[in-house]
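Asks: Residue numbers (my numbering): 213 to 620. Glycine included, every Cβ here is placed at the ideal spot set by N, Cα and C. The structure presented is a predicted model; accordingly, all values stated were derived computationally and were not measured. The structure follows.
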Amino acid sequence: MAEFTMELSDEQKEVRDWLHGFAADVIRPAAAEWDEREETPWPVIQEAAKVGIYSLDFYAQQYFDSTGLGIPMAMEELFWGDAGIALSIVGTGLAAVGVLANGTEEQIGTWIPQMYGDANDVKVAAFCSSEPDAGSDVASMRTRAVYDEAKDEWVLSGTKTWATNGGIANVHVVVAVVDPDLGSKGHASFIVPPSTPGLSQGQKFKKHGIRASHTAEVVLDNVRVPGSCLLGGKEKLDARLARAREKAKKGGERVKNAAMATFEASRPAVGAMAVGTARAAYEVALEYAQTREQFGRPIIDNQGVAFQLADMRTSIDAARLLVWRASWMAINGKPFTAAEGSMSKLFASETAKKVTAQAVQILGGNGYTREYPVERMHRDSAIYTIFEGTSEIQRLVIARTLAGMPIR
């Protein structure tokens, strides 16, 4: 087990500086254009693929970093560049992790390369879980998967929403209900291969922020996929369902708490994204305050501005500390006895909203225009308190954990 440390190794620093350079030289110059276009920034994704950032190998290297700091470090730097473009680059990772976590070796080898494509023909993948009536309440999921034993096929029907890359993905990973009586334990994940009949893009959302990231509904109309597309295989699924039914008889809450542990472990990565956006806005505001003069002196000489910057920097550093602690705990198997994963996501996302709003205020009228990036950063920051569990859900998880109550 790696000791918790705030000092990055030389190798980690090299990776951080490399990512920062890409974010500064490639992502940032393109940010305003793709935000206005509200389209997937394919040329930027292609550049990321050429240098090795948009790849399973890179993501895996960071994910398996024994310190736990690889992923949060990478997320912070990429999202420092621009949240919308960064999400377009890392969004495929959600689907890839779904396959890595649940798939067989054959499924991993078959489907993950098709998610990324190559530098000359980049592809993206989509992870489809949320539904119009099942966002935070995953147990209310309605998309069904029914097994056709005669044809060894699964038939998927339902509508997914808020899917990053939904409809434009080469490969979709779809979570569906196979046993409604088991709640979230009755779910399974399926690969929907390219050009499968019955899968279509529904509404594409015109969003307040992260507009360079494609978000849409995915409609599944009697989509048939081979039995081999059930992640993990049917034998494993049947065994898992049998165990879940037995556990549900003895104590259903234990089943639900086990499911929540998975969400806890993933939330620090979103917190790191928020830290990156907050840091970017703070740096713009700091430079502006040092160079903008009013009444014959830089505005940072005014306590009203200087104290805001002090609070901004303090909150950012505190958020990063929470994210790094939770990330280290997750990779080292430390139990989140106080919902530390949710704590990190909650504090970092709320910090991003507050810091970007303060940055707009420090820039005054200029901050309210699209001539300066803090306006976009402020819009982007709103997503962090919504996806991967709203701030209200984070507080609920933390409160119920501290009280020793089951998490529903």
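Tell me the DSSP bridge mates of C340?
Replies: For C340, which the question treats as bridged, DSSP gives the partners V386.
Asks: Just checking my contact of G553 with A538 at CB under 8 Å: how many whole Å lie between their CB atoms?
Replies: Yes, G553 and A538 are in contact; Cβ-Cβ is about 5 Å, under 8 Å.
Asks: For the putative contact between V385 and R436, defined by C-beta atoms under 8 Å, what is the C-beta separation to the nearest angstrom?
Replies: Their Cβ separation, rounded to whole angstroms, is 16 Å, which puts V385 and R436 out of contact at 8 Å.
Asks: The beta strand (DSSP E) with G370 in it runs from where to where?
Replies: Run containing G370: E365 to T376, per the beta strand (DSSP E) assignment.
Asks: Can you tell me where the alpha helix (DSSP H) with P241 in it begins and where it stops?
Replies: Start and end: R240 to R249.
Asks: Grab the span of the beta strand (DSSP E) containing H399 for me, first residue to last.
Replies: That run of the beta strand (DSSP E) goes H399 to V404.
Asks: Nearest to A381 by CA position, among C340, A357 and S401, is which residue?
Replies: The shortest Cα separation from A381 among C340, A357 and S401 belongs to C340.
Asks: Measuring alpha carbon to alpha carbon, tell me which of W540, M555 and A492 ends up nearest T217.
Replies: Comparing Cα positions, the closest option is W540.
Asks: Which class does A381 belong to by DSSP, given the choice of helix, strand or coil?
Replies: Looking at A381 - three-state DSSP - the assignment turns out to be coil, as it is neither helix nor strand.
Asks: Check whether the segment 414 to 423 touches the segment 592 to 604, counting contact only when three or more Cβ pairs, one atom from each stretch, lie closer than 8 Å.
Replies: Counting Cβ pairs under 8 Å, three or more are found: they touch.
Asks: Relative to the C-alpha of I543, which candidate in Q258, P392 and Q273 has its C-alpha closest?
Replies: Ranking the options by Cα distance to I543, first place goes to Q273.
Asks: Quick check: the segment 312 to 326 against the segment 249 to 267, are at least 3 beta-carbon pairs closer than 8 Å?
Replies: No, the segment 249 to 267 is not in contact with the segment 312 to 326.
Asks: Residue range of the beta strand (DSSP E) that L231 falls in?
Replies: No beta strand (DSSP E) contains L231, which is instead part of the alpha helix (DSSP H) from D222 to F234.
Asks: Does DSSP put P392 in a helix, a strand or coil?
Replies: DSSP places P392 in helix when its eight states are reduced to three.
Asks: Candidates Q319, R455, G379 and V383: which alpha carbon is nearest G445's?
Replies: Ranking Q319, R455, G379 and V383 by Cα distance to G445 puts Q319 first.
Asks: By how many angstroms is the C-alpha of M555 removed from the C-alpha of T597?
Replies: Their backbone Cα atoms lie some 12 Å apart in a straight line.
Asks: Determine, using beta carbons only, whether G296 and W246 come nearer to each other than 8 Å.
Replies: Closer than 8 Å, so yes.
Asks: Return the first residue and the last residue of the alpha helix (DSSP H) that G310 is part of.
Replies: That run of the alpha helix (DSSP H) goes A295 to N314.
Asks: Taking just the CA atoms, how far does V238 sit from W230?
Replies: W230 and V238: Cα-Cα distance of roughly 12 Å.
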